Each structure stands twice: as structure tokens, then as C-alpha cells.
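A.B. asks:
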């Protein structure tokens, strides 16, 4: 191998190393945060926040009641099927379907209610402040894109904690505005 080939190989190696380093840095330029968690943590001492937590507990309790009832009906349906009692099995199946629909309704209602609480907690002034803090932290930490992981349209399926800046946003908001 002559010097020209060695120089080309070294140059190519350096070029590939630089490209890999840039590529690794590019992956780190995206950050995510949970806007709902930011709002709720910022306002955790307010009465509206306490109302939100009570409503959330009620939502979870409602789901438990429905899930327990579904389990009981499933057990009764299994028993009926084992006894060849088609009428009872069909009735239990219909009851289970009804409860599953009720469960979806409770979940949808909670989604709307939760969003209303967050909107009441965080008015336009808060969102403007949060936008400023997110921009400041993104630039300070070297991120070029920050996504709200709670927005369904983004399709965020999994996020590494290495790029989640939710806690930093909360800390900065508390330092600036409390």
C-alpha cells in the first residue's frame, strides 16, 4: 500500500468519524417534555389542583368498580358456559359489552375533564411563560427542537429520559415565577 492509499484511508476514516460524531449529536438535538406535568407541578398548591386530584381519584375509583364488575361477569359467564347455560352466558356477555362501553365513556369523560382542568390552571400568560422557559432551556442545553410528548398527533411512542426536559422546565418556571 502506498502513501496515497494510506492518506486516502486516513482521510476517509477521519471523515467517517466526524460524520458519526455529528450524527450522534443530531440525535441529541431533540427534546421532549410533558406539558400537563409542568402545569400540574407548577400549580400544585392551588385549590383547582386539589380539585383535579380529587377528580382523578374518582376517575380511577370508577374504573376499578367497572373492572371488578367485568371480572365478576366474566367468571359468571365461564361458569355458565361450563354448565352449558347458554342464556346466562349470553346475558353475561351482553353485560360485559355494556360495561366495556361504560369504561370507554368514563375514559373519554376523564380526558375532557382533565384537559379542562389543565386549561383552567394554565391561561395564556402561563403558556407564554412556559414557551419562554422552553426556548431558553432548549438554547441553553443545545436542543433545536422541543416536542410536547402529550400531544397525540406527534406519535411519540417511547422517549429516553436523556432527552426529557420536563423537570428542568418545572424548576426554571418555579425559579422565575414563584
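Residue numbers (the working numbering): 398 to 575.
The beta carbon of each residue, even a glycine, is placed where N, CA and C say it ideally should be.
All of these numbers come straight from a predicted model, not from anything done at the bench.
Quick check on the burial criterion: 16 or more other C-beta atoms within 10 angstroms. Buried or exposed for residue 474?
C.D. replies: buried
A.B. asks: From the DSSP output, in three-state form, read off residue 482 for me.
C.D. replies: coil
A.B. asks: When we look at the beta-carbon of residue 535 and count the other beta-carbons within 10 Å, is it buried (16 or more) or exposed?
C.D. replies: Under this definition residue 535 is a buried residue.
A.B. asks: What did DSSP end up calling residue 543 once you bin it into helix, strand or coil?
C.D. replies: strand
A.B. asks: Strictly by DSSP, which residues pair up with residue 430?
C.D. replies: 545
A.B. asks: Whose C-alpha, out of 428, 516, 495, is nearest the C-alpha of residue 440?
C.D. replies: The shortest C-alpha separation from residue 440 is found at 516.
A.B. asks: Under the three-state reduction of DSSP, which class applies to residue 561: helix, strand or coil?
C.D. replies: Residue 561 falls in the strand class under three-state DSSP.
A.B. asks: Assuming residue 456 contacts residue 524 (C-beta within less than 8 Å), just tell me the rounded distance between them.
C.D. replies: Wrong, their Cβ atoms sit about 25 Å apart, outside the cutoff.
A.B. asks: If you draw a straight line from the C-alpha of residue 479 to the C-alpha of residue 489, how long is it?
C.D. replies: 13 Å
A.B. asks: Within the same chain, show all residues whose beta-carbon is closer than 6 Å to that of residue 492, passing over the 5 residues directly before and after it, in chain order.
C.D. replies: 470
A.B. asks: Rounded to whole angstroms, what is the Cα-Cα separation between residue 424 and residue 432?
C.D. replies: Here the model assigns residue 424 a pLDDT of 48, short of 50, so the residue's position is not dependable and the matter cannot be decided.
A.B. asks: Check whether the Cβ atoms of residue 531 and residue 548 sit closer than 8 Å, and answer yes or no.
C.D. replies: Judged by beta-carbon spacing, residue 548 lies beyond the 8 Å limit of residue 531, meaning their Cβ atoms are not closer than that value.
A.B. asks: Threshold first: 4 residues or longer. Then list the alpha helix (DSSP H) segments lying entirely within the segment 454 to 524, N to C.
C.D. replies: 483 to 518
A.B. asks: Just the Cα atoms here: how many angstroms apart are residue 495 and residue 486?
C.D. replies: When the Cα atoms are used, residue 495 and residue 486 turn out to be separated by approximately 14 Å.
A.B. asks: Within its chain, find whatever has a CB closer than 6 Å to the CB of residue 545; leave out the 5 residues flanking it on each side and keep chain order.
C.D. replies: 432
A.B. asks: Give the straight-line distance between the Cα atoms of residue 445 and residue 539, rounded to the nearest whole angstrom.
C.D. replies: 35 Å
A.B. asks: With distances taken Cα to Cα, identify the nearest neighbour of residue 461 among 430, 520, 572, 497.
C.D. replies: 497
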